[in-house]
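Structure, as C-alpha cells:
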Amino acid sequence: MADPVLDLADDFATARGVPDDVEWARTAAARLLLEGVRPALARRGLAAAREQVAETGESPGELFGHPLEWVSEQREAWRAEEEPLTEPPRATPVRELALVSLVGAAWIAVLILVVALVQREWRQPYTWPLILAPLLLATAGQVLRGVYERVGRARSQRAAVVATGLGLVVLAVGIAGFFLGTQDAVVVEASTLWLLASAAVHAALAVLLARLWPAPQRRDVTAAPASSSDVAWFAELGATLRQRGDMTDRRVEQILAETRGHAADAGTPVAAEFGPAAEYAARFPADEPVAARRRAWFFSALSLAPAALLVGYTLEEGWRWGSPHLSALLWLLLAGGAAVAGWRRVLRSR
Numbered sequence: 001m002a003d004p005v006l007d008l009a010d011d012f013a014t015a016r017g018v019p020d021d022v023e024w025a026r027t028a029a030a031r032l033l034l035e036g037v038r039p040a041l042a043r044r045g046l047a048a049a050r051e052q053v054a055e056t057g058e059s060p061g062e063l064f065g066h067p068l069e070w071v072s073e074q075r076e077a078w079r080a081e082e083e084p085l086t087e088p089p090r091a092t093p094v095r096e097l098a099l100v101s102l103v104g105a106a107w108i109a110v111l112i113l114v115v116a117l118v119q120r121e122w123r124q125p126y127t128w129p130l131i132l133a134p135l136l137l138a139t140a141g142q143v144l145r146g147v148y149e150r151v152g153r154a155r156s157q158r159a160a161v162v163a164t165g166l167g168l169v170v171l172a173v174g175i176a177g178f179f180l181g182t183q184d185a186v187v188v189e190a191s192t193l194w195l196l197a198s199a200a201v202h203a204a205l206a207v208l209l210a211r212l213w214p215a216p217q218r219r220d221v222t223a224a225p226a227s228s229s230d231v232a233w234f235a236e237l238g239a240t241l242r243q244r245g246d247m248t249d250r251r252v253e254q255i256l257a258e259t260r261g262h263a264a265d266a267g268t269p270v271a272a273e274f275g276p277a278a279e280y281a282a283r284f285p286a287d288e289p290v291a292a293r294r295r296a297w298f299f300s301a302l303s304l305a306p307a308a309l310l311v312g313y314t315l316e317e318g319w320r321w322g323s324p325h326l327s328a329l330l331w332l333l334l335a336g337g338a339a340v341a342g343w344r345r346v347l348r349s350r
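So in the UniProt record's numbering, spot 241 of the sequence shown is number 241, and the numbers just go up one at a time.
Pasting the structure below:
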C-alpha cells in the first residue's frame, strides 16, 4: 500500500502469523491517521506494539485491549512525554490554493449543470459570466482562505476576520461588476452538457498543475532548531498557535508572555531552552470549545447570503422550483445544516 503507516500495520501478519492481528493493527493505524497523529510518531507506536506481540506471542487485543483504547492511551503517553502529536499548522501553499481552485471550479461547473438539468434547460447561451463563473468563484474562495490564514498568522484572529471581510467585499463587487458588464455577451449557444467539458478541462488543468508544480517539503517539527533570533522564534510560536484555530488571541498572548518570562529567567536563547517553536507549540492542549465556536460562526455567516437571496427572490418573483431559488435553497441547506451541527457541538462542549 502507498501509506507507510498502513503498510506497517500489514507487517503485523509476520509477528505471530495470525490474520486477526492485522485487522487490529489496521484499525489502530486508521484511527491514528484520522486523528492527525504525525506519521513518524504513528509508525513508532505501531512498531513498538508489533515488537511486543512478536516477543510475547500474545495477540494485540490481549496485550493492549481494543485498538481505539490503545490509540487513546498512546496519545496520553505521548502528551505526557511532550511529544508533538500532530504536524504544526502552516499557511496553505500557493500551489495548494491553485489546485483547490481548479478542482472547486470543476465541481461548481457540475453543480450548475445539475441545476440547469433540473429546470430542463437543455440548451444554454454561454455568456462570459457562465463560462468563467466556476473558476472565478472557486478562486475567490481560495484567495480569501489565503488572506485569512496569512493575516491570522501574522496578527490575530480578529485582524484575520476583518481582512477577510474586506477582501470579500472587494471580490464580490469586482465579480458582480464583471458579471453585470458581460451578461449580454453571448459567446455561443450550445447544449447544456458542454458544462461537463468545462468541468473536465478544470480537472485536467488541476492534474497538469500538480505534476508540473512540485509540492513544497514540510519541515520536521522534531528537527534541531536552526540558528535564529529570539524574535524570529517568538514570531513563529505566535503564528503557529494562532493558526491552530483552537485558542483565543488572549490565550496566545498569555502563552507568549509566560514563555518570555521563563526564557528571561533561564538566560539562554529560547531555541536552546525550548526547542523548535512548532514543537513547543504542540505542548499546549487545544481549547475545543473555541474551535467549535469558530466553526459554528463560520457556517452561520456562510448561511446569511443564501438566506438573504432566497428571501429576496421569493418576495420579488414568488417561489418556483428553479434557478436561482433552487441554488440558494441548496446552499442554505448545506451551510445551515453545518451551522446547526456546529452549534450543537458548542453546547455539548460546555
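Glycine included, each C-beta is placed from N, C-alpha and C at the ideal position.
C-alpha distance - residue i paired with residue j, whole-angstrom precision
{"i": "F274", "j": "Y280", "result": "6 Å"}
{"i": "A163", "j": "R293", "result": "20 Å"}
{"i": "V231", "j": "T268", "result": "13 Å"}
{"i": "A335", "j": "P19", "result": "44 Å"}
{"i": "A338", "j": "E121", "result": "30 Å"}
{"i": "R345", "j": "V290", "result": "11 Å"}
{"i": "W24", "j": "A200", "result": "40 Å"}
{"i": "G17", "j": "R26", "result": "15 Å"}
{"i": "L135", "j": "P84", "result": "38 Å"}
{"i": "G65", "j": "A28", "result": "11 Å"}
{"i": "residue 353", "j": "R320", "result": "Past the boundaries of the shown model lies residue 353; the chain is included only from 1 to 350, so the question cannot be answered."}
{"i": "V115", "j": "A210", "result": "30 Å"}
{"i": "L180", "j": "L132", "result": "13 Å"}
{"i": "A98", "j": "W107", "result": "15 Å"}
{"i": "V5", "j": "A42", "result": "7 Å"}
{"i": "D7", "j": "A47", "result": "11 Å"}
{"i": "F178", "j": "G165", "result": "20 Å"}
{"i": "A77", "j": "D265", "result": "29 Å"}
{"i": "W297", "j": "R79", "result": "30 Å"}
{"i": "V340", "j": "S191", "result": "39 Å"}
{"i": "D10", "j": "L33", "result": "15 Å"}
7 Å CB neighbourhood of residue i in its chain, flanking five on each side removed
{"i": "A224", "result": "Summary for A224: the model assigns pLDDT 49, below 50, so the residue's position carries little reliability; its value from the coordinates is reported in the next sentence. Hits under 7 Å: none found."}
{"i": "P125", "result": "V186, E189"}
{"i": "S229", "result": "none"}
{"i": "residue 351", "result": "Summary: the structure shown does not reach residue 351, with the chain confined to residues 1 through 350, and so no result is reported for it."}
{"i": "residue 353", "result": "Given a span of 1 to 350 for the chain in the structure shown, any question on residue 353 remains unanswerable."}
{"i": "A307", "result": "L332"}
{"i": "P67", "result": "W24, T27, A28, R31"}
{"i": "R295", "result": "G342"}
{"i": "L256", "result": "F234, L237, G238"}
{"i": "W213", "result": "R95"}
Beta-bridge pairing of residue i - partner residues as DSSP gives them
{"i": "R320", "result": "DSSP, once it has assigned bridges, lists no residue as partnering R320."}
{"i": "A190", "result": "Q124"}
{"i": "V37", "result": "T86"}
Residues near residue i by beta carbon distance below 8 Å, same chain, minus five either side
{"i": "D21", "result": "F12, A13, A15, V53, S59, P60"}
{"i": "L63", "result": "A49, Q52, V53, T56"}
{"i": "D287", "result": "D246, M247, T248, R251"}
{"i": "L171", "result": "A140, V143, L144"}
{"i": "residue 363", "result": "Missing from the structure shown is residue 363; the chain here goes from 1 to 350 and no further."}
{"i": "T182", "result": "T127, W128, P129"}
{"i": "T314", "result": "H325"}
{"i": "L195", "result": "A109, V110, I112, L113, A116, Q124"}
Where residue i falls, given that 16 or more other Cβ within 10 Å makes a residue buried
{"i": "V94", "result": "exposed"}
{"i": "Q157", "result": "buried"}
{"i": "Q254", "result": "exposed"}
{"i": "W331", "result": "buried"}
{"i": "G104", "result": "buried"}
{"i": "S349", "result": "exposed"}
{"i": "R260", "result": "exposed"}
{"i": "V118", "result": "exposed"}
{"i": "G45", "result": "buried"}
{"i": "A278", "result": "buried"}
{"i": "A138", "result": "buried"}
{"i": "A2", "result": "The pLDDT assigned to A2 is 48, lower than 50, so where the model puts this residue is not dependable; a value taken from the coordinates is nonetheless given after this. Exposed is the call here."}
{"i": "E236", "result": "buried"}
{"i": "L304", "result": "exposed"}
{"i": "L102", "result": "buried"}
{"i": "V173", "result": "exposed"}
{"i": "V270", "result": "buried"}
{"i": "H262", "result": "exposed"}
Sequence-distant residues of the same chain with beta carbon closer than 6 Å to residue i, five excluded per side
{"i": "L302", "result": "A335"}
{"i": "S227", "result": "Low confidence applies here, because S227 scores a pLDDT of 49, under 50, leaving its location unreliable and the question unanswered by this model."}
{"i": "R283", "result": "E82"}
{"i": "V169", "result": "none"}
{"i": "P216", "result": "P93"}
{"i": "L347", "result": "none"}
{"i": "S198", "result": "A109"}
**Report entry** Uninterrupted alpha helix (DSSP H) stretches inside the stretch 121 to 177 (no shorter than 4 residues)
**Finding:** 128 to 154
Report task. Return the chain-ordered ranges of every alpha helix (DSSP H) run that is complete within the stretch 227 to 284 and spans a minimum of 4 residues. Result -> 230 to 244, 249 to 266, 270 to 274, 277 to 281
Query raised in the report: What are the uninterrupted segments assigned as alpha helix (DSSP H) that are 4 or more residues long and contained completely in the stretch 35 to 115, given in chain order?
Result: 39 to 56, 60 to 64, 67 to 80
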